[in-house]
């Protein structure tokens, strides 16, 4: 899986008429305030954020079905706690993209740093490139689909939802997993405590087919390995030693 | 050692007292610990806070007014207790009628009735209540006029809609009962409703994370706080709560990260369930934590800009008054609130009659006055339970009445002491009003030992 070359910071004209907000001119507070209020009142709200320059907390707390395009790199917590909105980042993102997302879609055209999709509760996060360590940590719902690799301890303590990795997964995948289910197409560089490989069922194949299509990847679901919780740590157990 | 001395003559007359000598290092408590560890292979888990003897606010006393200062009339002259929190950045700081607030305690740890009673009582006396781990319930939002919404490492049930409904947000880094440790909720408390709220399978032993999933360290925290402010459009105050360990550093870092309010929870702070080894062997006493936290704000020249809330074994109006005199702007009460709701009472009320629950305490291996079995969900008085039968033992009406009274008494005690010190506002209490009754308390609180001008570590040695 190749690295994705991120888009430059320049503004590409969106396909439909959009309001363009220039980050250097407005700053994060005015942009988010616009996205929380004025943008939600338009008929077909479509907003482009130009020259984001890796700023933190862009498009956080959105709460309406609006389309937002971040035309370059974004910093920490891009589209954090998203609800209903569709956000595309034409670049890389720093830590915690789409953390605690409730619904909607967040797509990162480049790579993502640590804790992508942390504690998400719904919606779809697509990272077209690679994601760093602790991707989908504490996942509570929704779907995270990564086009490339994920780093160490991904899906740590993941409670529900799905993590799909089209590349390989770093060490400690799914440590202390609850009911989330993980699918990895490439290599597994070691599973965490209580995570185990399980055979793909017909239901897995069907749902993974739909999810891959939705995320825009053409892989066959049968190329993926499934990882789920062994459920051996669900209750205090003196034989589990330091596995807690 | 441990046996009756043999009389020098076999005359069958006992001339000396029998000697039964308990070991100091290996006393009955330690032996019971070793026996239990040997039997179970797991550490002990329990609720409430440290039970060992620690320096407390009881080790301080007020120098109330006499000839050199004049007091205010206790029943006639006003003593303001209004408290404003979150004046640094928030558009809507919190305004409370009293600096005595209710600490974070979750639905899950507490029954829904207990949470509702807390909300109603806090609202009645004009103070705030706090959600706890596990999300915000509609009942507590509705019953609480001023609700602080916690953002915890587990993020159970964390929801941007609830964030937007909160009157303040508290980013919890740590807790006095278990600084550095995550929360726990054992399977018996993961009822169907709790399981859904936390997105966990019903009945599992839940072990919360000890670190936040999406930030590490103070630089990240700065950005996290900004995110929460952006999501809530800079409307509500953001608190940062730390367990009292390296208090001065932690308070300074919280302020640097952008907190409006810093909450410092000392080692007497309670919990619904954690390892006993954490409860008894981590952190510093609340008495020591207050002064360090206040000094941190003083050194940053942030007194009055960033407010300080102290918690961890605050039980009485006197405790609150002493915390304020040492530099706190408010206190938060947890275990005292539970006890006001009936925790450790020998009976519960039903239709105006006391129903004895000695047998239920006995079944837990304890008795009223000693119980710390919050983790079992078998609370005999219905406070810390998810059992549908046990939880009916505390009704919101009774709980709200008792707790309102308790919070009212604490505020009255606080204003009484403040008036006696000649203050027309509880926030005018100051360190100069206090002396210490022990050398340890003098050193920790940095007030003179009574009858001397000696503060260990600051003047002389």
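Chains as they are written, first to last, in my numbering: chain X, 27 to 270; chain R, 12 to 472.
Glycine residues also receive a C-beta, built at the ideal position from the N, C-alpha and C atoms.
For the pair residue 260 of chain X and residue 198 of chain R, the Cα-to-Cα distance works out to about 9 Å.
About 5 Å separates the beta carbon of residue 142 of chain X from that of residue 123 of chain X, a gap short enough to meet the 8 Å contact definition. When secondary structure is reduced to three states using DSSP, residue 118 of chain X falls in the coil class, being assigned neither helix nor strand. Only 163, 164, 166 and 167 from the region 161-176 of chain X bring a Cβ to less than 8 Å from some Cβ of chain R.
Under the DSSP assignment, residue 51 of chain R falls in the alpha helix (DSSP H) whose first and last residues are 39-51.
At a Cβ-Cβ threshold of 9 Å, residue 112 of chain R and residue 320 of chain R count as neighbours. By the C-beta criterion, the region 271-286 of chain R is judged to be in contact with the region 57-76 of chain R, since at least 3 inter-stretch pairs fall below 8 Å. With respect to the 9 Å criterion, residue 209 of chain R and residue 193 of chain R are not classified as neighbours on the basis of their beta carbons. Distances from the CA of residue 348 of chain R to each of R:179, R:133 and R:166 were compared; the closest alpha carbon is that of R:133. For residue 154 of chain R, the CB contacts under 6 Å within the same chain, skipping 5 residues up- and downstream, are 127, 130 and 131 in chain order. Residue 115 of chain R is positioned such that its CB atom lies closer than 9 Å to that of residue 161 of chain R.
Among the CB atoms of chain X, none fall inside 9 Å of the CB of residue 276 of chain R. Counting along the chain, residue 261 of chain R sits inside the alpha helix (DSSP H) bounded by residues 258-267. Under a criterion of Cβ atoms nearer than 9 Å, the residues of chain R adjacent to residue 55 of chain X are, in order, 240, 241, 244 and 245. Within the same chain, 194, 195, 196 and 197 come within 7 Å of residue 215 of chain X by CB-CB distance, once the 5 residues on both sides are set aside. Close partners of residue 145 of chain X in chain R (Cβ separation under 8 Å): 166, 169, 224 and 225.
Assignment of residue 54 of chain X by DSSP, reduced to helix, strand and coil, places it in the helix class. Sixteen is the threshold: when 16 or more other Cβ atoms of the shown chains lie within 10 Å of the Cβ of residue 238 of chain R, as they do, the residue is buried.
The three-state reading of DSSP puts residue 261 of chain X in coil, since its state is none of H, G, I, E or B. Proximity of chain R to residue 137 of chain X at the Cβ level (cut-off 8 Å) is not reached, the minimal Cβ distance being about 17 Å. The straight-line gap separating the alpha-carbon atoms of residue 80 of chain R and residue 463 of chain R is approximately 19 Å. Secondary structure of residue 328 of chain R (DSSP, three-state): helix.
Here the region 437-448 of chain R lies against the region 333-342 of chain R, with 3 or more beta-carbon pairs under 8 Å apart. When secondary structure is reduced to three states using DSSP, residue 385 of chain R falls in the helix class. Against residue 198 of chain R, the close residues of chain X are 261, in the order they occur along the chain (beta-carbon pairs closer than 7 Å). Less than 9 Å divides the Cβ of residue 325 of chain R from the Cβ of residue 68 of chain R. Sequence-distant partners of residue 66 of chain R (beyond 5 residues in either direction) whose C-beta falls short of 8 Å from its own C-beta, in its chain, are 296, 298, 299, 449, 451, 452 and 455. DSSP, reduced to helix, strand and coil, places residue 235 of chain X within a helical segment of the structure shown. Beta bridge pairing from DSSP links residue 178 of chain R with no other residue.
Between residue 329 of chain R and residue 174 of chain R, the C-beta spacing is not below 9 Å.
The continuous beta strand (DSSP E) containing residue 360 of chain R extends over residues 358-361. Taken in chain order, the complete alpha helix (DSSP H) segments of 4 or more residues contained in the region 215-293 of chain R are 228-242, 258-267 and 287-292. Taking 9 Å as the threshold, the shortest C-beta distance from residue 235 of chain R to chain X falls below it.
For the options R:355, R:290, R:402 and R:322, the alpha carbon positioned closest to that of residue 141 of chain R is the one of R:322.
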